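Student: For this note's numbering, add 36 to where a residue sits in the sequence shown, where the first one is 1. Ideal Cβ placement from N, Cα and C applies to all residues, glycine included. Bear in mind the structure is a predicted one, so any value in this text is a computation, not a measurement.
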Amino acid sequence: MSANILALFYLISGVLFILALRGLSSPETSRQGNLFGIIGMAIAIGVTFLSVGNFSTGFLYVLGFLLIGGSVGAFIAYKIPMTAMPELVAGFHSLVGLAAVFVAISAFLNPEVFNLGSSGNIKIASLIEMSLGAAIGAITFTGSIIAFLKLRGIMSGSPITFMGQHFLNLALGLILFGLIYYLCKTQIDTWFWIIILISFLVGVLLIIPIGGADMPVVISMLNSYSGWAAAGIGFTLENTALIITGALVGSSGAILSYIMCKGMNRSFFNVILGGFGGTDQSLSQTGKEQRPVKSGNADDAAFLMKNASSVIIVPGYGMAVAQAQHALREMVDALKKNGVKVTYAIHPVAGRMPGHMNVLLAEANVPYDEVFELEEINNDFANCDVAYVIGANDVTNPVAKTDPQSPIYGMPILDVEKSKSVLFVKRSLSPGYAGIDNDLFYRDNTLMLFSDAKKMTDDIIKNL
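#1: Just to confirm, are residue 53 and residue 348 a CB contact at a threshold of 8 Å?
#2: I believe residue 456 touches residue 420 by the beta-carbon criterion, under 8 Å. Please report the beta-carbon distance rounded to the nearest angstrom.
#3: Quick one: is residue 46 buried, meaning 16 or more other Cβ sit within 10 Å of its Cβ, or exposed?
#4: Confirm, please, whether the CB-CB distance from residue 361 to residue 406 is below 8 Å.
#5: Leaving out five residues before and five after residue 230 in sequence, what residues of the same chain have Cβ atoms less than 8 Å from its Cβ?
#6: Using the beta-carbon count (16 or more within 10 Å), is residue 438 buried or exposed?
#7: Tell me whether the beta-carbon of residue 69 lies closer than 8 Å to the beta-carbon of residue 59.
#8: Three or more C-beta pairs closer than 8 Å, one from the segment 202–222 and one from the segment 262–271: is that the case here?
#9: With a threshold of 7 Å on Cβ separation, who are the neighbours of residue 560 within its own chain once the five nearest residues in sequence on each side are excluded?
#10: Which residue or residues does DSSP assign as beta-bridge partners of residue 331?
#11: Is residue 452 buried or exposed, if buried means 16 or more other CB atoms sit within 10 Å of its CB?
#12: Based on the DSSP output, what are the partners of residue 267 in its beta bridges?
#13: Check for me: the beta strand (DSSP E) holding residue 381 runs from which residue to which?
#14: Which runs of the alpha helix (DSSP H), 4 residues or longer, sit entirely within the segment 133–196?
#15: Would you mind stating whether residue 474 and residue 352 have Cβ atoms separated by less than 8 Å?
#16: Pick out whichever of 434, 165 and 290 has its Cα sitting closest to the Cα of residue 219.
#17: Three-state secondary structure (DSSP) at residue 241?
#18: Roughly how far, in whole angstroms, is the beta-carbon of residue 137 from the beta-carbon of residue 161, given that I think they are within contact range, below 8 Å?
#19: In terms of alpha-carbon separation, which member of 155, 237, 378 and 333 lies closest to residue 181?
#20: Assuming residue 485 contacts residue 358 under a Cβ cut-off of 8 Å, what Cβ separation, rounded to an integer in Å, is found between them?
#21: Using 8 Å as the threshold, is the C-beta distance between residue 293 and residue 257 below it?
#22: I need the DSSP call for residue 424, collapsed to helix, strand or coil.
#23: For a test of the three-state rule: what should DSSP assign to residue 460, helix, strand or coil?
#24: Smallest Cα separation from residue 402: which of 368, 435 and 375?
#25: So residue 212 packs on residue 171, CB below 8 Å; how close in whole Å?
#26: Hey, how far is the Cα of residue 392 from the Cα of residue 440?
#27: Under a three-way DSSP split, which group does residue 408 fall into?
#28: Tell me the rounded alpha-carbon separation between residue 278 and residue 395.
#29: Is DSSP giving residue 350 helix, strand or coil here?
#30: Let me know if residue 199 comes out buried or exposed under the rule of 16 or more other beta-carbons within 10 Å of its beta-carbon.
#31: With a Cβ-Cβ cutoff of 8 Å, do residue 79 and residue 48 count as a contact?
In structure tokens, the structure reads:
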């Protein structure tokens with residue numbers, strides 16, 4: 037295949053990736069966006085194989101591993117529940133980073149194969165590209181592993197910090213740049229391996245101080261890292277499709293991280309340096325024992341909602357864990373039959389990854405025009421009869437507006453406390469992922485419904 041035809045197909049693939057991102061920006065066009073992305077990737081992979089021109093034994097090995105990896109990935113994606121999607125994304129990001137490291141190692145050990153020069157005399161530009169690709173890939177790999185462990189509950193979601201951690205990260209970052217300089221100057225193999233090892237360590241140190249409440253930002257940030265790693269390796273391999281794909285993923289991930297941080301009213305730099313969860317949970321628990329709460333049952337909740345003129349549903353991770361989205365849709369349909377106006381309020385960082393709640397509601401076929409973002413619906417709570425909070429916690433906590441000492445102070449929240457009545461579905465009074473008590477539990481207009489989200493919603497349906 038000629039270089040011109042190859043470039044043309046890579047350009048078509050890049051255009052399809054751009055259309056995929058455009059489609060994924062809205063729930064209505066997300067299926068079409070996914071289709072564009074699939075077609076673009078199929079073209080990129082197919083053309084890359086055809087450009088090799090030598091169907092040797094090595095090619096068969098690659099094809100075999102591609103089929104095995106694709107089958108495993110498809111099986112995992114098919115079997116994984118929606119509640120585990122955040123850790124699945126983190127796990128897949130780690131593989132992208134590791135792939136970048138392996139490709140960089142291969143290029144460094146076999147520069148002649150990639151037309152990068154000869155061993156000990158690799159082009160300076162290629163050394164910089166593969167070093168940056170390997171470093172970012174290694175950081176992505178170990179950082180994603182830590183994120184996966186936190187999301188899966190294997191590692192505590194609370195920030196893990198130690199004295200001088202930020203200075204250590206800064207020092208390691210400077211050392212990495214210094215090592216890349218010496219690698220380019222001397223081309224000594226040892227420097228390359230040290231760069232990779234330090235990058236693995238940096239990935240761990242960057243993510244362990246980030247608390248569970250910041251996980252949506254971490255997911256989008258790691259997504260960005262994986263893209264830049266791929267772009268760096270794309271320059272090394274002189275592969276246009278890989279450069280375009282990596283740049284799109286890297287830039288879109290960075291933009292999404294910015295949007296998420298804006299939704300939390302925090303700087304991206306602040307999130308990287310440390311997460312939520314600095315409050316002593318034992319103090320929160322003690323406070324809860326001393327403060328009375330009102331609790332009710334499904335019959336109370338059904339009575340309040342059936343006699344309301346408007347109800348706003350606020351979904352959170354608790355809904356995802358209980359897989360209550362289908363029961364919630366059934367409850368809303370019953371309320372609509374009684375003439376009740378029902379809408380959904382989504383916080384930018386609800387759940388464990390960007391758009392987590394939107395995906396779950398779409399899975400239950402909730403109409404898109406009933407789902408509103410924070411800035412679109414927040415003013416409606418003051419005129420709302422009932423706010424039904426199903427598993428959301430930190431994103432409804434009023435202390436974000438009142439307590440300067442709170443680790444979530446300044447984060448925009450859903451103003452559910454302004455509703456005439458708040459029905460809060462939660463298993464217990466335990467703190468949310470941010471590790472702090474929710475002042476909303478103790479408000480006079482709040483009725484706690486202590487139960488599994490799906491069971492409580494099913495019971496409300498029966499009473500309706």
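Tutor: On the basis of the coordinates in this document:
#1: no
#2: 7 Å
#3: buried
#4: no
#5: 215
#6: exposed
#7: yes
#8: no
#9: It is not possible to answer for residue 560, since the shown part of the chain is limited to 37 through 500.
#10: 484
#11: buried
#12: Paired residue(s): none; residue 267 is not in a bridge.
#13: 377–382
#14: 160–188
#15: no
#16: 165
#17: helix
#18: Incorrect: roughly 19 Å between the Cβ atoms, too far for contact.
#19: 237
#20: No, residue 485 and residue 358 are not in contact; Cβ-Cβ is about 12 Å, not under 8 Å.
#21: yes
#22: strand
#23: strand
#24: 368
#25: 6 Å
#26: 29 Å
#27: strand
#28: 28 Å
#29: strand
#30: exposed
#31: yes
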